[in-house]
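J.:
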Amino acid sequence: MMGKIIFYEDKNFGGRHYECSNDCTDLHTMFNRCQSIRVESGMFMIYDRPNFMGNQFFARRGEYSDYMRMMGMNDCVRSCRHIPMHRGNFRMRMYERADMGGQMMELNDDCPNLMDRFHMSDFNSCNVMDGHWLMYEQPNYRGRHYYVSPGEYRRYNDWGSMNPKIGSIRRVMDL
Numbered sequence: 001m002m003g004k005i006i007f008y009e010d011k012n013f014g015g016r017h018y019e020c021s022n023d024c025t026d027l028h029t030m031f032n033r034c035q036s037i038r039v040e041s042g043m044f045m046i047y048d049r050p051n052f053m054g055n056q057f058f059a060r061r062g063e064y065s066d067y068m069r070m071m072g073m074n075d076c077v078r079s080c081r082h083i084p085m086h087r088g089n090f091r092m093r094m095y096e097r098a099d100m101g102g103q104m105m106e107l108n109d110d111c112p113n114l115m116d117r118f119h120m121s122d123f124n125s126c127n128v129m130d131g132h133w134l135m136y137e138q139p140n141y142r143g144r145h146y147y148v149s150p151g152e153y154r155r156y157n158d159w160g161s162m163n164p165k166i167g168s169i170r171r172v173m174d175l
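Sequential numbering from 1 applies to the sequence shown in the numbering used here.
Listed below in structure tokens is the structure:
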């Protein structure tokens with residue numbers, strides 16, 4: 001099932017708008033700026049650079065009438081990715097070192113504080129076996145966050161981070 005997201009140039013859903021229902025690698029020709037967003041169905045990751053790069057923002061069904069103020073982002077939306085619904089098990093392995101090296105920790109549920117649970121906060125690689133996840137730089141699902149889907153991430157920059165610090169992890173589930 002596909003989702004539907006609408007980007008508006010002005011706050012409170014005003015001005016020109018663009019509707020999207022799947023992945024879009026480059027939105028710069030569709031609108032000049034984005035100051036409000038409405039997600040009518042599904043879940044999306046929004047990026048401030050083309051090709052799913054740069055700062056990320058997770059959006060689920062709802063209205064974001066002042067996107068810039070609420071999310072601490074600029075008005076530059078350049079790509080978006082639809083997050084498919086996952087109804088099965090969740091399973092992810094986090095590694096101390098790059099290329100799946102060093103100590104390994106396995107997760108299959110949300111973890112609000114990785115330091116409390118595993119006595120570590122630097123993770124240099126991961127392998128997502130099942131499900132879709134959001135990794136946050138700070139505990140309790142705060143700070144910058146990064147979307148990971150099934151696959152191997154050999155280094156922390158593979159998931160878009162500038163450092164290996166992960167404070168919490170949450171499964172992406174539609175509520």
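Don't be surprised by glycine CBs; every beta carbon is placed ideally from N, CA and C.
Residue 165 bridges to which residues according to DSSP?
T.: Per DSSP, 122.
J.: Taking only the alpha-carbon atoms, compute the straight-line gap between residue 82 and residue 42 and give it to the nearest angstrom.
T.: About 7 Å.
J.: Less than 8 Å separating the beta-carbons of residue 37 and residue 8?
T.: Contact flag set, yes.
J.: Could you check what DSSP says for residue 115 in three-state terms: helix, strand or coil?
T.: It is helical.
J.: Rounded to a whole number of angstroms, what is the C-alpha to C-alpha distance between residue 117 and residue 5?
T.: Each residue's Cα considered, the two are about 36 Å apart.
J.: Count the other CB atoms within 10 Å of the CB of residue 45; is the residue buried (16 or more) or exposed (fewer)?
T.: Residue 45 should be labelled buried.
J.: Output yes or no for whether 8 Å exceeds the beta carbon distance between residue 93 and residue 104.
T.: Yes.
J.: Starting from the N-terminal side, write out each stretch of the beta strand (DSSP E) that is 3 residues or longer and does not extend beyond the segment 22 to 96.
T.: The qualifying runs are 36 to 49, 53 to 64, 79 to 83.
J.: My understanding is that residue 171 touches residue 131, with C-beta atoms under 8 Å, so please give their C-beta distance in whole angstroms.
T.: The pair is a contact, with the Cβ atoms about 6 Å apart (cut-off 8 Å).
J.: So for residue 110, helix, strand or coil by DSSP?
T.: In the structure shown, residue 110 sits in coil (DSSP, three-state: anything other than H, G, I, E or B).
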